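Numbered per mature numbering (1 follows the signal peptide of the UniProt record, and there is no 0), the sequence shown spans residues -41 to -1, 1 to 232. As structure tokens, the structure follows; a few thoughts come after it.
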Amino acid sequence: MTCFNANVFTRTYRGTVSLTKSVFVSLFVLTLSAGFSAVSADNALSQTIEKIRPSIVGIGTVMQTRSPPASFRGTGFVVGDGLHIITNAHVVSPLLDTEQKEMLAIFVGRGESAQARQATKVAVDAEHDLALLKITGKPLPAMTIGDSNSTKEGEEYAFTGFPIGMVLGLYPVTHRATVSALTPIVTPALSAKQLDANVLKRIRTPFEVFQLDATAYPGNSGSPLYDPATGKVYGIINMVFVKGTKENAITNPSGIAYAIPANYIYTFMQQNP
């Protein structure tokens, strides 16, 4: 009969239990850490939204003879001295009805108590679809422009704006966004008639934009793309890919949005102090 030392089995068994406990504890700690990281990230975004919300404004026009007087066109955000607003050029491109005293305006506040403040167009960068507006009166909290050259694929950002305008009042909505690609911007033309000087320039010298894995609506045009932790702006939402009319965009969003990098905003502001 073969004899075994019972102590050997005891030591081996206890060692296995000890190792199992060690692995279990390690996995538990990793899981717990991941959970805390996710909660921490959520808390950071929540705090950032509270901080930047007063800087997000609606862009549109006001005409007293119209019902309702306010007409929403897009989103913008406050920069610089608190009296300047950045938005997309296409948001403010439609001509104003000067005969009916239609005026360009920003909408501030929240809900149905939002107020309009008259704005003037300072400058337009048609190539990058940027517009700089100016308001008078009390300055608003301004957002900080970050260095978008550091932006990489896979990074997480957020954007806040007014996707459905002021249908139910002025309520800013925040979405998360992942940078899925850095891609050249080339606007396809449906016909030769649409190949104007700006389109031809973009085709010859395309610049990179951020392709986002996020759903954006027409009202999001001009929304800041920002770091969820710091609130620094790294881009501006633009070129929402939709099919058909704005109503179709509400029901059938493409799930892809684009943002112009913030470095173009910085240069634009430097050129128009």
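Heads up, the beta-carbon is just placed ideally off N, CA and C, and yes, glycines get one too. Remember, predicted model here, so these are calculated numbers, not experimental data.
Contact check for Ser107 against Ala221 passes: the beta carbons are separated by less than 8 angstroms. Judged by beta-carbon spacing, Leu184 lies within the 8 angstroms limit of Tyr116, meaning their Cβ atoms are closer than that value.
For Gln170, the number of other beta carbons within 10 angstroms of its own is at least 16, and it is reported as buried. In the three-state scheme derived from DSSP, where H, G and I count as helix and E and B as strand, Leu184 is classed as strand.
In the three-state DSSP reduction, Tyr116 falls in the strand class (E or B).
Between Met62 and Val21, the C-beta gap is smaller than 8 angstroms, which places the two residues in contact. In the DSSP assignment, Gln74 falls within the beta strand (DSSP E) that extends over 74 to 84. The DSSP-derived three-state label of Met22 is coil. Our two residues, Ser5 and Gln59, have alpha carbons roughly 42 angstroms apart in a direct line.
A distance of 8 angstroms or more separates the beta carbons of Val81 and Ala48.
The beta carbon of Ile18 is closer than 7 angstroms to those of Arg32, Gly33, Thr34, Gly35, Thr46, Val50, Val51, Ile65, Gly181 in its chain, skipping five residues each way along the sequence. In this structure, the beta-carbon distance from Ala216 to Ala175 falls below 8 angstroms. The Cβ neighbour count for Leu91, taken over all protein chains shown within 10 Å, is at least 16; the residue is labelled buried. For Met62, the pairing in a beta bridge is given by DSSP as Val21. Scanning Thr226, Asn231, Gln230 for the CA closest to the CA of Ile104 turns up Thr226. The Cβ atoms of Ile94 and Ile44 lie closer than 8 angstroms to each other.
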